[in-house]
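Notes to accompany the following structure.
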Amino acid sequence: MRFLFLLCLLLLTRLGLCQTSQADVVIRNGRLYDGTGNAWTYGDVAIRAGRIVAVGQLPAGLTAATVIDAKGLAVAPGFIDVHTHIEDDEVQQPTADNFLYDGVTTVVTGNCGSSRPELGQYFRLLDSLRLSVNVASFVGHGTVRKAVMGRTKRAPTEAELQQMEALVAQAMQAGAVGLSSGLIYVPGTYSRPPEMVRLARVAAHYHGLYATHMRNESDSVTFAIQEALQVAREAGLPLEISHLKLGGQQNWGQADKLLGLIEQARQAGQQVTIDQYPYTASSTSLSTLLPDDVQADGRDSLRVRLQRPKVRAAVEADMLRRLKRRGLKHFSYAVVASFPPDTSYQGLNIEEINRRRKRPHTARAEAATILELVLQHDAGMVFHGMSEPDVQQIMRYPQNMVASDASIRVWQQGMPHPRGYGSNARVLGHYVRELRVLTLEDAIRRMTSLPAQTMGFTDRGLLRPGYAADIVVFDPATVQDRSTFTQPHQYSVGMKYVLVNGRLTVQEGKHTGVRNGQILYGAGKK
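According to mature numbering (1 follows the signal peptide of the UniProt record, and there is no 0), the stretch in the sequence shown is residues -23 to -1, 1 to 503, in order.
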C-alpha cells in the first residue's frame, strides 16, 4: 500500500500537484464512470486550469479552492449532444440552461443540412457570446445548395457543383466537423447520390464525417439507409445516421432489419454510427406533409401552385393517401409546437384546429387546413408516430449515441418537444434505472466517449488526465426528465454539479451563470 501511495504521489508531482499544492477543483469520494463503458470505481478527480490533472485515490492532503463531496453520486465526463439545432436561440439564451440541467456540456449544431452559411463568422459570434456550453458545427448541404442554386428542383451543373465544393471546403477550413444533409427537406430532397458524394469527398479531405437526416424514415427507410451507406462509402468518410427511427404504424417492428443493414456495413469495414432521441414522437415542420415537388422554388411558387384547383386537389389526395397508409382517419398525430401567427394553436393537433375552425370533421377538411396553415406560416410540429418497442430495440444497438435534435430552449416559448429538456436524463432515469434497457456504464459511454470519438474531439469524453474538465456529477437514484408533451417547459432533475472547461456551471442543481464554453473545431481548421 505504501508503494502505491508513493507511486500516486510521484504521479501527482509530475502533473504539478502534490500534497502541499492546490488544485482549482477536487471532486471527492465519487463513483467514477470514466466514459469507456467499464465498471465504475470509487475515486477522486483533480482539476487545474480547465484540465483534469489526476484521477483516482488522491492524497487526503491535496487542497483545492473548491471541493465537491460526491459521496453516493456518479461522476462522469460531460455529455456530448451530437445532434442539435441551436442557431438563433444561442443569442436569446446563451446560458443554455436546458442542456446543462440535462448534463450536456457540448453540443454539435448545423445538422439536417441546415447550418450558418459563413461558419467562420458564426464561430466568431459564438466566441463573443460566450455560451455556457461548448459548440461544434457541421456545414449543411441544404445551406450550401441554397446559396448556389436556391430552391430549384434539378441536378446541379458542373460549375454549380464546383461552387458548392468550394463552399464546403471553406466551411471545413473554418472548423466544421463534417457535412450534414437533410434529404427530407427542400432543397436537399432534390439532390441525388452523385452530388452528395462529390460534396462529402470534400469533407473527407478535411477528415470530417457525413451526418444525414435520411431521405425517408418510414415507408422507404431501407432504401434511405442504403443510399446513406453508399454516399459515405464512395466518398470515403465515416457515416452518422441521424435520429434513426421507424415512422408510421405500418412500419413498426422492422428495427432489426434496419440495424442489420448498419451492422452488415460495419462488419464490411465501414465506419457507421447512429444517434437517437428516446421518445416515440418526432418534431419537424408542417410542410414535410406536402409532396416535395410542389415546394420547389420557394413559398411564392408554392402559393401560386396551390391556387390551381387541380394541383391543390392532388396535394390533398397525396396527404390523404399517406394518412390512410398509417391506418389513421384523422391528422390527430400532428401537434402544433410553434405557430407565431396564432399561438393559441400551440399544443393542439390538426384535428382539433380543424374543428375549432368549424370545418367538417373529415380528413379531407383537415388536409385543407394544413395547406392554409403552411401558406400562413410553416408551423413547427410534433408528430406522434413511433412505437416504444422499436425505440428500445434501436436504443440497445451498441453504436448508438443519445441526442436531443433540439435547440436551446427559451423558457415558456411555444410547446416544444420535451427532448430539448430531458433526453439524457430520460435515458438515465427511465431506460437505465426503471426499465434496465441499458446499464448505466454503457449509457454514459453513449453520451461521452462514443460521441467524442465520432466527432473527433480528442480531449473530451473521458475522465482522464490531460482531458478537458467537462464533468457532470449526478445522482443515479433521482436523475429524471420532467418535461412532457403537455408541459414541456420543465428542467431535468438530478444533475448536482456540472463543470465546463473546469468552471463550476451548475452547483447544487442551480445554474451559476458561468459562461465558459468554447468552440470545438474540426480537424480541417486552418
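Ideal placement from N, C-alpha and C gives every residue a C-beta, glycine not left out.
To the nearest whole angstrom, what separates the beta carbons of residue i and residue j, a pair I think is in contact under 8 Å?
| i | j | result |
| --- | --- | --- |
| residue 445 | residue 184 | The pair is not a contact, with the Cβ atoms about 20 Å apart (cut-off 8 Å). |
| residue 307 | residue 340 | 6 Å |
| residue 432 | residue 85 | 6 Å |
| residue 33 | residue 448 | With 8 Å as the limit, residue 33 and residue 448 do not qualify as a contact, their Cβ atoms being about 15 Å apart. |
Here's the rule: buried if 16 or more other CB atoms are within 10 angstroms of the residue's CB, otherwise exposed. What is residue i?
| i | result |
| --- | --- |
| residue 338 | exposed |
| residue 298 | exposed |
| residue -5 | Its pLDDT being 46, under 50, residue -5 is placed unreliably by the model, and the measurement read from it follows with that caveat. Exposed. |
| residue 61 | buried |
| residue 284 | exposed |
| residue 277 | exposed |
| residue 15 | exposed |
| residue 200 | exposed |
| residue 244 | exposed |
| residue 176 | buried |
| residue 46 | exposed |
| residue -19 | Unreliable placement is indicated for residue -19, whose pLDDT of 36 sits below 50; no coordinate value is reported for it. |
| residue 105 | exposed |
| residue 351 | buried |
Go ahead and pull the three-state DSSP assignment for residue i.
| i | result |
| --- | --- |
| residue 415 | coil |
| residue 363 | coil |
| residue 324 | coil |
| residue 54 | strand |
| residue 204 | helix |
| residue 46 | strand |
| residue 34 | coil |
| residue 75 | helix |
| residue 99 | helix |
| residue 276 | helix |
| residue 25 | strand |
| residue 195 | coil |
| residue 471 | coil |
| residue 492 | coil |
| residue 264 | helix |
| residue 487 | strand |
| residue 64 | coil |
| residue 392 | coil |
| residue 408 | helix |
| residue 214 | coil |
| residue 289 | helix |
Leaving aside the five residues before and after residue i along the sequence, list all residues of the same chain whose C-beta is less than 7 Å from its C-beta, in chain order.
| i | result |
| --- | --- |
| residue -2 | 40, 41, 42 |
| residue 314 | 260, 323, 357, 358, 359, 391, 392, 393, 394 |
| residue 396 | 254, 256, 381, 382, 383 |
| residue 451 | 50, 51, 80, 471, 472, 473 |
| residue 355 | 262, 263, 264 |
Please list, in chain order, all residues of the same chain as residue i whose beta carbon is under 6 Å from its beta carbon, the five residues on each side excluded.
| i | result |
| --- | --- |
| residue 222 | 194, 363 |
| residue 458 | 399, 402, 403, 469 |
| residue 493 | 477, 478, 480 |
| residue 331 | 342, 343, 346 |
| residue 123 | 164 |
| residue 242 | 206, 249 |
| residue 212 | 174, 177, 178, 181 |
Among the residues of its own chain, which have a CB less than 8 Å from the CB of residue i, if the five just before and after it don't count?
| i | result |
| --- | --- |
| residue 93 | 64, 87, 99, 114, 120 |
| residue 143 | none |
| residue 420 | 379, 404, 405, 408, 409 |
| residue 304 | 226, 227 |
The ligand NAD and residue i: does any heavy atom of the ligand fall closer than 8 Å to the residue's C-beta?
| i | result |
| --- | --- |
| residue 324 | Ligands displayed in this structure: none; no statement on the ligand NAD is therefore possible. |
Check your understanding: Quick one: complete alpha helix (DSSP H) runs, 4+ long, within the segment 107 to 167?
Key -> Here the runs fully enclosed are 118 to 126, 135 to 151.
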